[in-house]
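First residue of the sequence shown: 119, per this note's numbering; consecutive thereafter. Structure record follows, encoded as structure tokens.
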Amino acid sequence: STKIIGKLLIVYIAVTCALAEKPGSLLPAPVHYKPYPPPPPPPTTTTALPPPPPPAYKPYQPYPPLPPRPANYAYSYAVLDEETSIDFAADELAENGAVSGSYKVVLPDGRIKTVTYTVEGDS
């Protein structure tokens, strides 16, 4: 039985060496493809087109920018909460760049402070 195993081992080694001698023999030959030929050049044309007609509308002309002008607005509000003693109010009016308004607040000692203000331009 050891003689048979030895003979099989020798045959196995011989077959392995024979196959190892030709590494690419079991694989198909590589395929080499040729690239497509370049396309033919486009045909030359000598047809001249007439010039386009002038537009039937005026070209775009933007309007000149408007000068900045101050926003006109007015607001007022008031809060009165007797439970928490919160009492304050404010009102403000802006017309043509001049802002005027006033606000009032109750100070901790119970006095009411009223502030009136006027602002014109950049003052």
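Just so you know, even glycine gets a beta-carbon here, dropped at the ideal spot from N, CA and C. For clarity, every value in this text was computed on a predicted model and none was experimentally measured.
Does DSSP put L198 in a helix, in a strand, or in coil? strand
Are the beta-carbon atoms of T236 and V217 separated by less than 9 Å? yes
Nearest-angstrom Cα separation, counted from R229 out to S194: 21 Å
What does a CB cutoff of less than 7 Å around L198 pick up in its chain, not counting 5 residues either side in sequence? D205
CA-to-CA distance, K231 to L225, given in whole angstroms: 7 Å
For N214 and L184, the rounded distance between their alpha carbons: About 16 Å.
State the Cα-Cα distance for the pair A196 and D209, rounded to the nearest angstrom. 9 Å
Could you tell me the alpha carbon to alpha carbon distance between K125 and P155, rounded to whole angstroms? 59 Å
Under a three-way DSSP split, which group does A147 fall into? coil
State yes or no: is the C-beta of Y191 within less than 9 Å of the C-beta of A207? Contact check for Y191 against A207 fails: the beta carbons are separated by 9 Å or more.
Pull up the DSSP beta-bridge partners for K222, would you. Answer is A207 and T232, bridged to K222.
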